[in-house]
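J.: Could you have a look at this structure, given as structure tokens, before my questions?
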């Protein structure tokens, strides 16, 4: 599955990119503008000096300011009408006189100079400044203009990220509510603290929750109604089969009638279990009362003792007394009865079924062990599925017994495991782990 | 013996009438609550079979009205409702037994017989299960088509078991009922008694649950 990018990430990427581009453009423009302004200002300076230059002092006579870099000095040179140099502020720096008045660049002493030349009636003045110095001044000024903008870019990212996070955190709360919601919860999602843009979405979800619940309830009702309605014709069928069997002479019809009766019996049992399952699917938790699991389990053993007797199975019980648990006694009776019934169904005549109840560290464990063929390979994964039958060749069994058992275990918070015996004997071990009453 | 059948479903009604007639009973069949109320006032019925889902007046209401009018006819509810609540409600209202549809005819007949015996048994003091009868007056025991008078210890054993059919009694619980205070009990004495009864009446007369004890089926 490809994940669609998150709203948070998309918004963050676009906004930060936009802020970065805008910031860079602003900084670049400020840099360029400030640089060209500074160049213009420096040119103006050259011109002012040229206009006001008198004979002046030779550089050697003027004391240098202590903080002045000699590089920064202007070179002022004067010529008389005959073209003879009459003044030079930087001795030895012979910048040739430019033929025309105005700004120009000239080479002297291996450096490039910015030069302003003024040709007068009886003299010419030329003022020059090193280009490297001018560039340094200009770029310093431009940097000063652009740097604050550059610094603002990461700061704006931080602010935007924080604002986004605060807004979207409310969405996280909503998602959390949805994720941890039980399928049985029918309450609508709360609309408080939901951003306005999401209100229609939440309202739509609430509508869906209501419709889903209605559909679920209808499905359960249908299952219960169908099973219930099936009972009456099944009852009529069983009665008429009974009537036929009672009147039939001991002819070759009898095996056919018995097969018919067995089929009707199985259908009746199936309907019974479907109804039970439908009831267990109801969201209402079982009422909790304290009762003695030992007495109940012994009762279940007694209920199945006649079947064990008929099948010739040696039924044994080792039940620790006084094991109080919390739950719905009728449901737990069904759970135990299903496990013992399964063991008796799959154990051949002459086999053994043992029912054990013992104390564990935190509670109790009820175990049912049989000496049947055990679970076939691959059955383990499907055991608790509805209508799954590990051994379809056995005529009895609806495939619902363990599904019902697991549902009851879930409703009570019991552990339930069904696996092959590990003590070297062929057969199945079914174990129910029950917490003690204090748990 | 006259039986009142209160059942609105034609298929089931026809089947039950045939089954009950085949068992030697005479059957009156009514199909709605109102007629059922009338019919129940007739004291001549040995037993009434009552369906709960009736047109007109619900079966529960029919039962409540009949008991309020002191109708004492034993009532066996036959219904498709199997929720524990409706079972309890039915028995609380004065029904004598409760059978969930679908059921098999032999099961119904056994329940009817047990009900009638229970009514009659108060006079003759018998303990009954679906398969056995123990007469507490004559100490006669019937099971699997055989009837014999039991010797004292065997009778005491069977009485202990038949008092609570369907329940497993431990060795200690049974010994307490059979032997007096301070009486020396041989370690295999109970096995001898049980073996003797099984030899006479068949293995199914007493069931053993290894490690837990003995019982008779309900």
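Protein chains in written order, with the numbering used here: chain A, 1 to 439; chain B, 1001 to 1218. Every residue gets a Cβ at the ideal spot worked out from N, C-alpha and C, and that includes glycine. Source: prediction; values computed, not measured.
1) I need the straight-line Cα distance from residue 1056 (chain B) to residue 1033 (chain B), nearest angstrom please.
2) Specify the secondary structure class of residue 1175 (chain B) as computed by DSSP and reduced to three states.
3) Check whether the Cβ atoms of residue 289 (chain A) and residue 364 (chain A) lie closer than 8 Å to each other.
4) Over the uninterrupted alpha helix (DSSP H) stretch that includes residue 116 (chain A), give me the two end residues.
5) DSSP state of residue 319 (chain A), grouped into three classes?
6) Does the structure place the region 426–438 of chain A close enough to the region 1073–1091 of chain B that three or more beta carbon pairs sit under 8 Å?
7) Going by DSSP, what residues sit across from residue 415 (chain A) in a beta bridge?
8) Any Cβ of chain A within less than 8 Å of the Cβ of residue 1178 (chain B)?
9) Give the residues from the region 238–266 of chain A that approach chain B closer than 9 Å (Cβ to any Cβ), ordered along the chain.
10) Quick check: what's the CA-CA separation for residue 29 (chain A) versus residue 180 (chain A)?
11) Are the region 164–172 of chain A and the region 4–12 of chain A touching, with three or more C-beta to C-beta distances below 8 Å?
12) The alpha helix (DSSP H) with residue 1200 (chain B) in it runs from where to where?
13) Is the shortest distance between the beta-carbon of residue 201 (chain A) and the beta-carbons of chain B less than 8 Å?
14) Could you tell me whether the Cβ atoms of residue 1159 (chain B) and residue 1193 (chain B) are closer together than 8 Å?
15) First and last residue of the beta strand (DSSP E) that includes residue 948 (chain B)?
16) Once you ignore the five residues that flank residue 1 (chain A) on each side, which residues in its own chain have a CB closer than 8 Å to its CB?
17) Could you tell me if residue 1041 (chain B) is buried or exposed, where buried requires 16 or more neighbouring beta carbons within 10 angstroms of its beta carbon?
18) With residue 371 (chain A) as the anchor, note down where its beta strand (DSSP E) starts and where it stops.
19) Less than 8 Å between C-beta atoms, sequence neighbours within five positions excluded: which residues of the same chain meet that for residue 152 (chain A)?
20) Would residue 1146 (chain B) pass as an interface residue toward chain A - the criterion being a Cβ-Cβ separation below 8 Å?
21) Give the residues of chain B in contact with residue 316 (chain A), contact being defined as C-beta atoms less than 7 Å apart.
22) Under the rule that 16 or more other beta-carbon atoms within 10 Å means buried, what is residue 34 (chain A), buried or exposed?
23) What whole-angstrom Cβ distance do residue 493 (chain A) and residue 220 (chain A) have, given they're in contact under 8 Å?
24) Within 10 angstroms of the Cβ of residue 240 (chain A), are there 16 or more other Cβ atoms? Answer buried if so, exposed if not.
25) Short of 8 Å in beta carbon distance, which residues of its chain neighbour residue 375 (chain A), apart from the five on each side in sequence? Order them along the chain.
26) Assess contact between the region 219–235 of chain A and the region 262–278 of chain A, defined as three or more Cβ pairs (one per stretch) separated by less than 8 Å. Is contact present?
27) Answer yes or no: do residue 1217 (chain B) and residue 1129 (chain B) have a C-beta to C-beta separation smaller than 8 Å?
28) Measuring only between beta-carbons, confirm whether residue 1101 (chain B) sits less than 8 Å from chain A.
29) 8 Å is my cut-off, CB to CB: does residue 436 (chain A) come that close to chain B?
30) What are the complete alpha helix (DSSP H) segments, minimum 4 residues, inside the region 293–318 of chain A?
31) Would you check whether the ligand NAD has a heavy atom nearer than 7 Å to the C-beta of residue 1019 (chain B)?
32) Can you pull the chain A residues whose beta carbon is under 8 Å from the beta carbon of residue 1106 (chain B), in chain order?
33) Apart from the five residues just before and just after residue 53 (chain A), which ones in its own chain have a Cβ nearer than 6 Å to its Cβ?
34) Could you say if the region 169–180 of chain A and the region 188–199 of chain A meet the contact criterion of at least three C-beta pairs nearer than 8 Å?
35) Chain A partners of residue 1011 (chain B), CB-CB under 9 Å?
36) When the cut-off is 8 Å and only beta carbons count, does residue 1084 (chain B) lie next to chain A?
T.: In this structure, then:
1) 6 Å
2) helix
3) no
4) Taken as a continuous stretch (DSSP letters only), residue 116 (chain A) belongs to no alpha helix (DSSP H), being part of the beta strand (DSSP E) at 111–119.
5) strand
6) no
7) A:433
8) no
9) 238, 239, 240, 241, 242, 243, 245, 246, 247, 261, 264 and 265
10) 53 Å
11) yes
12) 1189–1201
13) no
14) no
15) Shown here, chain B extends from 1001 to 1218; a query on residue 948 (chain B) therefore has no answer.
16) Bear in mind that the predicted position of residue 1 (chain A) carries a pLDDT of just 49, short of 50, making it too unreliable to give a figure here.
17) exposed
18) Note, residue 371 (chain A): premise wrong, no beta strand (DSSP E); not H, not E.
19) 23
20) no
21) 1209, 1210 and 1211
22) buried
23) With chain A covering only 1 through 439, there is no way to say anything about residue 493 (chain A).
24) buried
25) 383, 390, 418, 419, 420 and 428
26) yes
27) yes
28) yes
29) no
30) 293–311
31) Ligands displayed in this structure: none; no statement on the ligand NAD is therefore possible.
32) 242
33) 76 and 125
34) yes
35) 232, 233, 235, 236, 237, 239 and 240
36) yes
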